[in-house]
Amino acid sequence: MKEEKLMVDGKRIDGRLPEQLRDIKMKLNVVTRANGSAEVKFGKTTAIASVHGPRALFPRYLQESGTGILRIRYNMAPFSVNDRKSPGPDRRSTEISKVIRLALGPTIFLEDFPKITIDGFAEIIEADGSTRVTAINALSLALAAAGIPMEDLVASCSVGKIDGTLVVDLNGKEDNNSEADMAFAMLPNKGVISLLQMDGALTKKEVLKLLQSAKESCMKIYEMQIKVLKDFYKGE
Amino acid sequence: MKEEKLMVDGKRIDGRLPEQLRDIKMKLNVVTRANGSAEVKFGKTTAIASVHGPRALFPRYLQESGTGILRIRYNMAPFSVNDRKSPGPDRRSTEISKVIRLALGPTIFLEDFPKITIDGFAEIIEADGSTRVTAINALSLALAAAGIPMEDLVASCSVGKIDGTLVVDLNGKEDNNSEADMAFAMLPNKGVISLLQMDGALTKKEVLKLLQSAKESCMKIYEMQIKVLKDFYKGE
Amino acid sequence: MKEEKLMVDGKRIDGRLPEQLRDIKMKLNVVTRANGSAEVKFGKTTAIASVHGPRALFPRYLQESGTGILRIRYNMAPFSVNDRKSPGPDRRSTEISKVIRLALGPTIFLEDFPKITIDGFAEIIEADGSTRVTAINALSLALAAAGIPMEDLVASCSVGKIDGTLVVDLNGKEDNNSEADMAFAMLPNKGVISLLQMDGALTKKEVLKLLQSAKESCMKIYEMQIKVLKDFYKGE
Amino acid sequence: MEELYALELIHKGKRIDGRKFDEFRAIEISTNIISTAEGSAKVKFGETEVIAGVKIGTGKPFPDTPDRGILIVNTEFTPMASPEFEAGPPSENAVELSRIVDRGIRESDAIELDKLCLVEGENVFSTFVDIHIINHHGNLQDAASLASIAALRNARLPKLENDKIVRGEYDKPLPVAFTPINITVSKVGDNFILDPNYDEEKILDSKLSISVRDDDKICALQKQGVNEIKFEDIERMLDTAIEKSKELRKLV
Amino acid sequence: MEELYALELIHKGKRIDGRKFDEFRAIEISTNIISTAEGSAKVKFGETEVIAGVKIGTGKPFPDTPDRGILIVNTEFTPMASPEFEAGPPSENAVELSRIVDRGIRESDAIELDKLCLVEGENVFSTFVDIHIINHHGNLQDAASLASIAALRNARLPKLENDKIVRGEYDKPLPVAFTPINITVSKVGDNFILDPNYDEEKILDSKLSISVRDDDKICALQKQGVNEIKFEDIERMLDTAIEKSKELRKLV
Amino acid sequence: MEELYALELIHKGKRIDGRKFDEFRAIEISTNIISTAEGSAKVKFGETEVIAGVKIGTGKPFPDTPDRGILIVNTEFTPMASPEFEAGPPSENAVELSRIVDRGIRESDAIELDKLCLVEGENVFSTFVDIHIINHHGNLQDAASLASIAALRNARLPKLENDKIVRGEYDKPLPVAFTPINITVSKVGDNFILDPNYDEEKILDSKLSISVRDDDKICALQKQGVNEIKFEDIERMLDTAIEKSKELRKLV
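Residue numbers (this note's numbering), protein chains in the order written: chain A, 1 to 236; chain B, 1 to 236; chain C, 1 to 236; chain D, 1 to 252; chain E, 1 to 252; chain F, 1 to 252.
In structure tokens:
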């Protein structure tokens with residue numbers, strides 16, 4: 001599987017340098033009747049996210065008296081991948097929905113919303129690697145656009161190791177053929193990690209190096225998030 | 001698929017003329033513990049329908065404070081078709097259940113039954129074409145037999161185009177090989193259409209002609225419905 | 001299928017005599033946070049059972065005002081059989097869960113627990129025949145260990161006919177190749193039958209003989225149950 | 001409270017519809033009633049009405065029986081038939097009913113499954129018995145069992161061309177060797193009754209479902225109902241079932 | 001209560017967004033927007049936004065059409081797109097929408113399915129049209145139908161090697177013979193309107209979904225909405241749909 | 001309120017059961033405990049008890065890895081094992097646990113899947129690891145991972161005749177190249193603890209599940225728990241896991 005060269009003359013298959021992010025696009029309020037929504041593209045990878053809520057939670061026995069709850073659904077469109085994905089949740093999307101919830105949860109003052117739910121939905125329209133982190137960036141913007149009180153934004157990116165080189169923002173081919181890939185999210189102002197998943201085989205040193213470069217990329221992504229939010233509120 | 005002749009010398013494969021309905025049988029109260037029930041046969045096509053309710057609706061969050069609701073389930077027995085149908089709903093039966101509900105709904109004074117449900121079930125025991133319209137006729141009788149207050153009965157039939165000829169009440173072979181088929185239901189006294197579905201390829205003129213002949217057939221079916229209801233109440 | 005000899009020189013394939021039970025092991029309180037639990041082994045056949053409750057029953061509409069309810073789930077681990085069993089209930093386990101519930105139900109004073117549920121779970125860890133009766137013995141002990149007020153214990157065993165001989169406690173190979181097998185449970189003090197299932201082909205006389213030998217074996221099993229319970233309460 | 005009245009009557013030796021304790025309601029059996037099925041039967045016990053349809057296809061055999069056809073019994077408690085039946089996957093009671101019917105047929109070797117093998121390990125006839133409850137007025141188990149064996153006896157094997165089925169053409173009857181009959185014997189207080197109707201079913205203490213083969217052999221037993229059975233009752237229950245099975249078998 | 005205002009306006013001959021009764025919102029169609037799909041299109045009617053993606057694979061044909069390719073239409077009402085959509089299996093409305101799109105395409109013979117056969121009875125192209133609702137602001141049916149046919153017209157057949165698909169390489173366009181257009185004509189009081197937005201949809205009396213082929217033939221009809229339709233309205237509804245379909249077809 | 005007491009103790013540098021912060025409960029591993037499985041292991045961490053069973057079959061490989069065997073990890077949180085577990089499809093937590101076990105094994109190349117190919121593209125060995133929770137008293141993740149790798153090391157490949165499995169006869173051991181060990185490092189306030197019991201699990205701030213291979217390489221990471229992790233904590237967590245993994249690996 002891992003035969004094709006992913007690094008040639010210090011450049012990646014799409015011409016990027018190891019530490020280079022793909023072209024990133026962010027757009028707010030793309031779903032009319034959501035409380036907040038956003039579309040984020042990392043290269044071809046496209047996530048659209050919306051937030052419905054805070055809203056009442058039924059049936060009642062799901063309500064929690066002391067706090068609100070956050071629910072997250074990550075979903076891939078059937079046509080977003082090369083081999084059509086049958087609709088509906090699978091084990092992968094169940095796990096990803098959970099880790100995304102935990103990645104975003106710490107920023108939200110859920111205790112301000114007893115018995116209430118905040119529902120975040122992220123749809124992957126096209127998948128070219130790094131879908132879960134793209135979804136997190138979109139959901140973070142959607143939450144902010146919905147006016148949900150948050151301690152911090154969440155910025156997210158992938159890092160990994162391909163052909164022996166540590167890189168950021170893996171595309172689909174790199175993801176499938178990497179020696180290791182890591183999904184990462186942080187609260188940029190608080191400077192803490194809210195998502196950390198890794199697959200592969202790395203020395204401790206490599207893990208720590210990747211974390212450092214993930215942090216730096218997330219700070220760049222955070223700047224973009226801030227810009228798009230400022231432009232949006234200016235535009236209003 | 002469309003090779004066999006369906007019209008020979010102006011007659012259909014079962015010997016009928018284009019505008020001729022099959023032999024129709026209607027029988028009331030075939031299910032002891034239903035509030036109303038009926039069996040209707042159009043040739044071999046057999047539908048048995050029962051109505052349970054008006055009855056309380058649980059869980060409570062399904063209740064509507066200002067009105068009652070009508071629920072309909074159309075289902076085919078596994079042995080009702082040539083290739084065994086696996087039990088349980090599929091996309092076809094989901095859609096048919098919906099259009100049947102909309103075909104019957106306008107006749108019922110649902111607003112008289114706040115928080116209440118009226119449940120109609122139609123089982124296709126044998127399918128030889130035109131099952132949904134047969135089910136509507138059976139359900140209409142079952143609702144009447146259950147004493148549900150109704151503005152009108154609903155009469156229903158199929159029409160279509162086979163070998164270039166417009167016909168009524170398609171049997172299974174005609175249905176499968178038709179150039180167009182239309183499912184139709186109306187409120188005979190009010191003179192309005194409550195079900196209209198069509199598949200095929202027809203000129204506007206043909207559509208309008210078929211509507212006319214569907215209307216005429218439904219009036220005949222309505223006469224039979226009235227007769228069986230009268231006989232039944234006489235018999236009581 | 002029934003070619004291999006199951007009886008040779010009056011002995012069974014595992015060396016037992018017809019009326020001989022396998023080596024039986026019983027152990028109490030193997031699940032920390034259950035109200036009661038037990039592991040029972042009949043040879044290699046291993047059932048672990050736990051009882052959670054009496055506990056509140058939600059959603060509320062499942063509650064019964066005049067009585068508590070008993071719920072039972074019998075389940076086989078995927079690795080408990082030669083060909084991996086896919087997880088989740090199937091028709092067989094649905095039926096067995098029901099007959100186990102009915103086998104245990106008569107002993108419990110459910111009317112003392114209005115609106116309450118007692119939940120019994122039995123997991124088959126390894127299956128070498130007679131799994132349902134092993135599960136009943138484990139559940140009976142788990143209920144007793146949970147301090148549920150009971151009229152009597154329930155003792156259970158299988159009997160059957162192999163190679164023309166009536167035997168007790170069928171192992172897996174015997175079960176699969178038997179001429180008849182019967183699952184049996186009784187209330188030892190009350191002397192009545194609470195489970196009786198039979199498959200095969202037997203004369204009336206044979207049925208009655210098997211019942212007699214099932215009764216005798218159950219009385220032996222009952223002695224073991226009493227012993228393990230006494231030892232346990234002594235040990236406390 | 002029809003059932004309390006039924007109970008009172010039974011204690012007086014009578015039944016709510018005037019029958020004797022060991023008397024079935026009027027039994028009607030009609031076969032070959034569904035032209036889309038390879039075999040079919042409708043059974044009525046008074047108002048109770050059950051249809052069984054047999055569909056025969058071809059398919060891979062089970063790995064452990066490569067040279068035998070497949071038999072599958074399935075039951076739908078259609079919500080049409082009774083206000084307490086619900087739509088959805090088969091309930092516990094529907095599953096149990098299917099499995100008792102299945103065992104009665106399978107354990108009695110009623111269907112000669114070895115004659116349903118086309119190519120060993122590759123292609124065999126699969127026989128689906130689908131039981132559809134039309135009107136639930138008690139004793140569904142015996143009615144469903146009777147409808148199933150009647151539909152199987154009525155069934156014909158479809159014609160094959162290149163191992164594929166030609167729908168609507170038939171070859172020969174499905175090979176049926178026995179006619180197992182299911183008789184459920186119920187106990188109310190000290191009384192044994194047969195064929196309880198809907199109201200009587202609510203007051204039963206316990207019941208034993210007994211499947212009897214043509215040679216009087218017992219092929220399946222299942223204790224049902226919430227109460228226990230006494231050892232001394234079993235023989236009488238078996239005797240009743242054996243005797244009654246002869247009567248019902250004649251109707252098939 | 002936006003919808004009550006919309007109703008009041010309609011009775012005065014006006015619409016909430018200033019359109020004429022037979023006027024669609026601004027329509028945007030972009031195709032080839034998803035590189036993982038064999039064909040794709042995004043359709044916007046004002047704020048309403050729908051994406052259709054076409055995935056083409058190979059598989060066994062249906063037994064009754066051994067020499068024809070397979071067409072399957074599926075719709076997801078993603079909970080993202082509207083607060084009233086719920087996660088889970090397709091709702092009744094999503095199923096109906098899919099089936100109306102499917103019939104419009106299938107009954108018009110838009111796709112030449114006979115050209116999608118690779119080995120008769122063994123291997124054919126299967127064409128999945130997946131409709132993904134992005135933003136629900138009314139008239140999903142017409143938007144989904146338009147996106148679907150636009151995506152199909154945009155689709156290319158994947159290259160094959162030994163009857164297996166080589167992903168990312170293409171052979172020739174999917175053979176599309178017609179461009180059926182779905183126009184839903186709605187009635188509010190005595191007024192006929194097209195392309196209702198979300199608020200207007202709440203006040204419709206009835207609607208008729210009409211699929212029209214390039215030759216003005218009607219290929220599918222479906223009455224929707226809770227109220228009945230009058231006989232005398234049908235002709236006008238058909239005329240409106242035939243006329244409007246020409247306008248939309250030009251955009252594909 | 002056992003957990004509040006546990007928290008109070010931890011702040012004082014103690015644990016509820018007297019252990020040191022980096023000490024596991026008594027570990028018991030027994031293998032080959034289930035004769036119907038090709039490999040099996042029971043792991044106890046104090047009262048916590050988990051069984052892993054390995055079933056090996058044959059089947060078609062995945063299309064993208066035609067020359068490699070199949071590995072599937074599945075977990076059942078049986079309602080028997082804990083009052084908060086519910087019957088039904090695997091919960092979110094059960095799915096996550098399975099996937100972390102799976103990644104630890106897969107990403108470390110522990111199983112030589114290329115040696116499990118029988119006929120390329122047609123027939124390969126499929127290896128199911130089924131994890132059954134018997135007694136939930138905390139730290140299921142590490143116990144399940146340990147039971148899984150122990151069961152895999154215990155597993156034998158079934159004997160084949162004509163590419164079909166002969167049950168009960170074995171050929172050679174499943175080829176296992178590495179023994180990845182999962183160590184979850186948890187943080188409570190400023191303290192790092194290992195192997196929390198049920199009560200301690202309720203008071204954790206965050207945890208990091210770390211899978212370490214024999215050569216000290218990290219093969220899988222998963223942040224868990226509701227709170228964030230500090231950058232400066234990661235190195236210490238990795239060091240702890242690497243060190244502790246050596247200790248546990250010796251037990252397998």
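Every residue, glycine too, gets a C-beta built ideally from N, C-alpha and C.
Are residue i and residue j touching if we call contact CB-CB under 8 Å?
{"i": "S209 (chain D)", "j": "P180 (chain D)", "result": "no"}
{"i": "K230 (chain D)", "j": "K207 (chain D)", "result": "no"}
{"i": "V124 (chain D)", "j": "P61 (chain D)", "result": "yes"}
{"i": "A103 (chain A)", "j": "A201 (chain A)", "result": "no"}
{"i": "S148 (chain E)", "j": "I165 (chain E)", "result": "no"}
{"i": "D215 (chain E)", "j": "N182 (chain E)", "result": "no"}
{"i": "I13 (chain B)", "j": "K161 (chain B)", "result": "no"}
List, in order along the chain, the chain D residues whose C-beta lies closer than 7 Å to that of residue i?
{"i": "V81 (chain B)", "result": "T36"}
What does a CB cutoff of less than 8 Å around residue i pick up in its chain, not counting 5 residues either side in sequence?
{"i": "I125 (chain A)", "result": "T46, A47, I48, A77, S80"}
{"i": "I111 (chain E)", "result": "G69, L71, I105, T127, L152, L174, P175, V176, A177"}
{"i": "A26 (chain F)", "result": "K44, F45, G46"}
{"i": "K115 (chain A)", "result": "A56, L57, Q63, E64, S65, G68"}
{"i": "F85 (chain D)", "result": "F77, T78, P79, S91, I133, H136"}
Run down chain C in chain order and give the residues with a C-beta less than 7 Å from the C-beta of residue i.
{"i": "A220 (chain D)", "result": "M198, D199"}
Closest by CA to residue i, which one among the options?
{"i": "G168 (chain E)", "options": "E:N227, E:K159, E:V176, E:P175", "result": "E:K159"}
{"i": "K172 (chain E)", "options": "E:L9, E:F21, E:G39", "result": "E:G39"}
{"i": "N35 (chain A)", "options": "E:K55, E:A143, E:P83, E:P89", "result": "E:P83"}
{"i": "S217 (chain B)", "options": "B:D14, B:Q20, B:E4, B:V8", "result": "B:Q20"}
Run down chain F in chain order and give the residues with a C-beta less than 7 Å from the C-beta of residue i.
{"i": "L211 (chain A)", "result": "F231, I234"}
{"i": "T131 (chain A)", "result": "Residues of chain F passing the Cβ test: none, with the nearest at roughly 16 Å."}
Below 8 Å on the Cβ atoms is my contact criterion, and I expect residue i with residue j to pass it. Report the Cβ-Cβ distance as a whole number of Å.
{"i": "V30 (chain C)", "j": "L141 (chain C)", "result": "Going by Cβ atoms, the distance from V30 (chain C) to L141 (chain C) rounds to 10 Å, so no, they are not a contact pair."}
{"i": "L139 (chain C)", "j": "G120 (chain C)", "result": "5 Å"}
{"i": "S97 (chain B)", "j": "I72 (chain B)", "result": "5 Å"}
{"i": "S130 (chain A)", "j": "F42 (chain A)", "result": "6 Å"}
{"i": "A122 (chain A)", "j": "Y74 (chain A)", "result": "5 Å"}
Looking only at its chain, what residues have a beta carbon closer than 6 Å to the beta carbon of residue i, apart from the 5 residues adjacent to it on each side?
{"i": "E258 (chain D)", "result": "Because residue 258 (chain D) is not part of the residues shown, which for chain D are 1 to 252, the question remains open."}
{"i": "L57 (chain C)", "result": "Q63, T117"}
{"i": "R16 (chain A)", "result": "none"}
{"i": "L113 (chain F)", "result": "R68, G69"}
Just the chain B side, please: which residues come within less than 8 Å of residue i by C-beta, in chain order?
{"i": "N227 (chain E)", "result": "P106"}
By the criterion of Cβ-Cβ separation under 9 Å, what are the contact partners of residue i in chain E?
{"i": "K44 (chain A)", "result": "I34, S35, T36"}
Excluding five sequence neighbours on each side, which residues of the same chain lie with their C-beta closer than 7 Å to the C-beta of residue i?
{"i": "M150 (chain A)", "result": "T107, I108, L143, A144"}
{"i": "Q197 (chain C)", "result": "V99, M182, A183"}
Could you name the residues of chain B that residue i contacts, counting a contact when the two beta carbons are closer than 7 Å?
{"i": "V95 (chain E)", "result": "R91, T94, E95"}
Residue i versus chain C: which residues are under 8 Å apart at the beta carbon?
{"i": "K217 (chain D)", "result": "A201, L202, T203"}
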